[in-house]
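Protein chains in written order, with UniProt numbering: chain F, 1 to 381; chain R, 1 to 647. Where is the CB? At the ideal position from N, CA and C, for every residue including glycine. Notes for the one structure printed next.
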């Protein structure tokens with residue numbers, strides 16, 4: 001349903017928009033960010049520098065950006081979707097040619113005041129363009145092969161560019177995030193079933209063929225997969241990190257070792273303790289109670305988003321909210337699985353908690369879009 | 001684009017359905033995460049907590065301070081000296097090579113030292129202190145300390161190292177320490193973890209090795225918190241160790257020094273026993289070596305010099321060396337025969353210069369013979385034929401049994417390396433060891449301490465002590481441990497008739513004090529200090545018939561290693577025996593000329609407690625003796641003994 005069919009006058013205008021903001025969602029976001037500040041303060045050994053203070057400033061900027069985006073009507077953003085997506089593809093190309101090399105991967109463009117990671121931006125713009133596409137598409141055509149191929153192409157284009165960087169975590173988020181929008185838009189479930197079946201078949205084939213005359217991969221590639229799946233075969237590399245992470249998490253116990261008392265993080269046994277592994281510090285210092293509370297905060301954010309999507313009669317808005325919230329879900333679900341040893345170590349930060357500028361900013365803009373959809377939702381008849 | 005209202009309704013329903021499906025999937029995944037969290041943090045928490053503690057806490061051993069060794073008067077023989085060294089910490093030093101160059105201008109450093117230090121610095125973490133120079137003088141350390149501002153990361157440290165202030169005098173008694181070797185560790189079933197400390201030193205020889213368990217003490221430990229790269233963050237707590245026990249030896253360091261000096265130049269051994277407690281007052285083996293060289297790490301040429309020396313400086317001849325006792329064994333044969341009643345003290349044997357047995361002639365050392373010989377004369381003039389005769393009558397088994405009662409052929413319990421058992425042959429022994437039957441000739445040889453009979457200088461001193469006192473004197477080297485007096489070696493009444501012992505003692509008195517005695521030349525001029533002794537000259541080769549025919553048996557004409565061993569055993573004073581002395585001079589020639597003078601000097605030194613007065617010597621010998629004493633390489637009197645030094 002398009003806004004043209006609704007009476008635009010029922011939509012709040014001017015400063016009244018503030019009243020129609022999804023305040024509960026905002027407070028939840030602020031609470032999660034607050035947990036982040038606390039943990040960054042702790043891992044710095046009880047100091048606001050070098051992480052907590054910049055992170056707070058960025059959150060402030062993020063909140064400003066969120067309000068700005070929220071107050072702009074959602075139909076403007078829908079119209080901007082194609083442009084935004086094209087821009088992020090362009091930026092990804094720029095990274096390919098001019099990107100700075102950090103941590104062995106080309107991921108960002110140095111803008112001077114901040115480092116922009118186009119892959120972060122793409123996660124949102126991809127969801128935007130897919131939502132706009134299904135908003136435009138005739139509902140009856142949604143499951144036609146040709147109209148399934150178009151969004152598939154939109155997803156795979158940035159995915160391959162991100163994989164080249166290489167950034168496996170973001171690639172995974174792009175594919176699953178995009179697929180979520182397609183799924184929500186009503187693409188026939190058989191497509192998903194077929195893709196899943198092919199995937200499972202391929203993986204099975206690769207493993208079954210090992211040590212047979214028709215094996216599909218080279219031996220060294222199998223060994224890489226082994227390390228990837230079972231880090232303990234590489235105890236000094238990724239295995240060490242995941243082992244230490246599990247120790248930190250488990251040693252937290254029921255109520256934790258106390259604020260700033262976590263020995264694993266304080267004595268540097270944890271890798272990347274201010275970014276990807278920050279959840280372990282929380283779990284070590286505040287135990288199950290702390291870790292579970294953060295999970296509940298995240299769950300509430302997801303539930304508020306889904307409720308907002310269900311409430312919204314606008315197709316673009318619903319799909320956008322679902323896409324963004326699922327991407328957000330994937331962030332923390334992957335990160336937590338990783339530090340708990342359930343998933344391989346891929347570089348996915350804990351959203352709003354891990355130290356990092358562009359991720360924070362992009363996420364706040366994304367929640368701005370959700371707020372805009374919430375404020376400008378069609379009302380009444 | 002416009003959509004039909006019906007489509008819109010349909011699509012909105014679909015989105016809602018799928019949104020709920022998505023939400024459900026997400027919530028179930030989060031539930032799974034929560035369950036996993038609960039499993040790790042609640043069910044397995046203890047296990048992970050343990051792993052975290054293991055990560056963070058390291059237990060470091062604190063090496064115990066090694067116990068000290070003193071002589072009977074409290075003179076330190078082995079002590080722990082403060083030892084200065086210089087260490088460098090890479091992360092504080094910055095440019096390590098430049099820092100080493102600066103240090104080498106202040107302290108002597110060889111290129112080898114620098115290379116070794118650089119190698120170790122590279123291998124270790126940046127915060128680990130690496131020793132660049134060891135065993136520095138106070139002046140050198142002061143030099144470095146003064147220049148500390150210009151030398152970041154370079155600091156002087158103090159440690160303890162073992163030193164032996166009496167040097168070579170106690171090399172064979174105290175021994176020396178050295179770093180733990182893989183061989184040492186392999187020998188032990190449950191090695192003390194302290195042995196794994198780098199550079200930890202344990203006793204290698206002598207009392208240092210034998211008393212190791214007492215001297216080492218118990219390691220303390222400290223629990224420290226370390227971070228992921230092993231840097232020490234703080235010390236959590238520490239359990240102090242227990243220092244090793246102090247060991248007091250029975251040795252008199254002054255006497256020991258005198259003995260070592262008196263024996264210098266010879267390949268010889270001497271033992272002085274105190275007869276009251278069995279205390280070993282002096283036990284010297286010459287030549288000797290400086291144990292301090294071994295602690296510091298002996299150089300290859302120095303070591304080769306010690307191992308290739310035909311006088312065997314590393315061997316402790318007093319307990320490791322076994323020699324045919326020669327005529328010093330005659331007291332044993334005499335006591336066995338007297339006890340058995342095959343001869344009485346007054347009964348005489350005719351000595352024509354030889355004794356025929358089984359078609360062989362057994363010669364007396366005096367070709368013309370001694371004529372009629374009774375017990376006293378047989379000892380005084382060391383008549384061989386007398387002993388051939390009585391031994392043939394009493395038999396080897398009884399001689400051997402008497403020898404054992406007098407302390408020969410048994411290993412005395414004394415904390416020295418490789419204490420020898422010696423050998424007192426019996427028929428059974430020969431059958432099993434040599435696979436041959438015992439013949440009378442073997443008994444005759446054994447009667448005069450030749451043939452199979454072997455004894456160490458320590459055993460000879462014990463034998464003499466037992467004859468002198470009539471008690472089962474046993475040697476005691478450890479007087480006290482941490483102030484606790486050790487059991488006396490004074491012994492109980494010897495199971496030999498005192499009257500018979502007295503006959504033998506009188507014979508020994510004649511040896512040293514009768515004009516015709518073999519050791520009359522080395523008599524003592526002061527009555528209260530008179531000695532009783534017995535000379536011995538033991539062959540190390542068989543004299544061939546051709547040699548005998550040529551009449552060649554002058555020792556001086558033979559190469560050193562084929563000359564006879566010279567022996568002398570004695571006790572003094574004769575009237576109230578306080579000490580027993582044995583001296584063996586390897587390949588020294590005659591017992592009366594090579595061993596007896598040494599034994600007299602040592603005995604008098606022990607009795608007088610200082611270099612003996614010339615008045616104790618016969619008038620005509622005083623000039624020579626005075627000259628000898630003036631030239632003795634005695635240790636200069638030490639400053640007051642330093643107490644325990646502990647850091």
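- When 572(R), 540(R), 578(R) are compared, the shortest CA-CA separation from residue 563(R) is found for 540(R).
- A straight-line Cα-Cα distance of about 32 Å links residue 113(R) and residue 234(R).
- Chain F places no beta carbon closer than 9 Å to that of residue 237(R), leaving this residue out of the contacts.
- The stretch 340-350 of chain F makes no contact with the stretch 131-150 of chain F: fewer than 3 CB pairs, one atom from each, lie closer than 8 Å.
- Beta-carbon to beta-carbon, residue 568(R) and residue 591(R) are separated by about 5 Å, close enough to satisfy the 8 Å threshold.
- The CB of residue 23(R) comes closer than 8 Å to the CB of 302, 303, 306 in chain F, given here in chain order.
- In the three-state reduction of the DSSP assignment, residue 75(F) falls in the helix class.
- A distance of 9 Å or more separates the beta carbons of residue 329(R) and residue 468(R).
- In the three-state DSSP reduction, residue 412(R) falls in the coil class, being neither helix nor strand.
- With a cut-off of 8 Å on Cβ pairs, the stretch 181-188 of chain F is in contact with the stretch 12-23 of chain R, counting three or more such pairs.
- With the criterion set as a beta carbon lying under 8 Å from some beta carbon of chain R, the stretch 55-82 of chain F has no members that meet it.
- Secondary structure of residue 323(R) (DSSP, three-state): strand.
- Nearest CB-CB separation between residue 36(F) and chain R: not below the 9 Å threshold.
- Excluding five sequence positions before and after residue 359(F), the CB atoms of its chain that fall closer than 6 Å to its own CB belong to 120, 349, given in chain order.
- Around the beta carbon of residue 476(R), 16 or more other beta carbons sit within 10 angstroms, so the residue counts as buried.
- Residue 421(R) is positioned such that its CB atom lies closer than 9 Å to that of residue 409(R).
- Membership of residue 309(F) in the alpha helix (DSSP H) is indicated by the continuous run 278-311.
- At the C-beta level, residue 43(F) and residue 297(F) stay beyond 9 Å of one another.
- According to the DSSP assignment, residue 204(F) belongs to no beta strand (DSSP E) but to the alpha helix (DSSP H) extending over 189-208.
- Under the three-state reduction of DSSP, residue 365(R) is assigned to coil, being neither helix nor strand.
- 72(R) is the residue among 131(R), 449(R), 72(R), 35(R) whose C-alpha sits nearest the C-alpha of residue 486(R).
- Per the C-alpha coordinates, the member of 362(F), 369(F), 167(F) positioned closest to residue 115(F) is 362(F).
- Along the stretch 259-307 of chain R, the beta strand (DSSP E) occurs as fully enclosed runs of 3 or more residues at 268-274, 280-286, listed in sequence order.
- Sequence-distant Cβ neighbours of residue 371(R) in its own chain, meaning closer than 8 Å and more than five residues away, are 350, 351.
- Between residue 135(R) and residue 83(R), the CB-CB gap stays under 9 Å.
- The straight-line gap separating the alpha-carbon atoms of residue 186(R) and residue 307(R) is approximately 25 Å.
- For residue 22(F), the closest Cβ of chain R is not nearer than 9 Å.
- Listed along chain R are 48, 51, 52, 55, each with a C-beta nearer than 7 Å to that of residue 247(F).
- Relative to the Cα of residue 310(F), the nearest Cα in the group 377(F), 55(F), 56(F) belongs to 377(F).
- Under the 9 Å criterion on CB atoms, residue 227(R) is classed as interfacial with respect to chain F.
- With its beta carbon at least 9 Å from every one in chain F, residue 140(R) lies outside the interface.
- For the alpha helix (DSSP H) assignment, the uninterrupted runs of no fewer than 4 residues enclosed by the stretch 105-182 of chain R are, from N- to C-terminal side, 111-123, 138-146.
- When Cβ-Cβ separations below 9 Å define contact, residue 59(R) makes no contact with chain F.
- Counting every other CB atom within 10 Å of its CB across the protein chains shown gives residue 151(F) a total of 16 or more, marking it as buried.
- Excluding residues up to 5 positions away in sequence, 86, 133, 136, 140, 143, 144 lie with their Cβ nearer than 8 Å to the Cβ of residue 107(R) in the same chain.
- About 20 Å separates the Cβ atoms of residue 355(R) and residue 345(R), ruling out a contact at the 8 Å cut-off.
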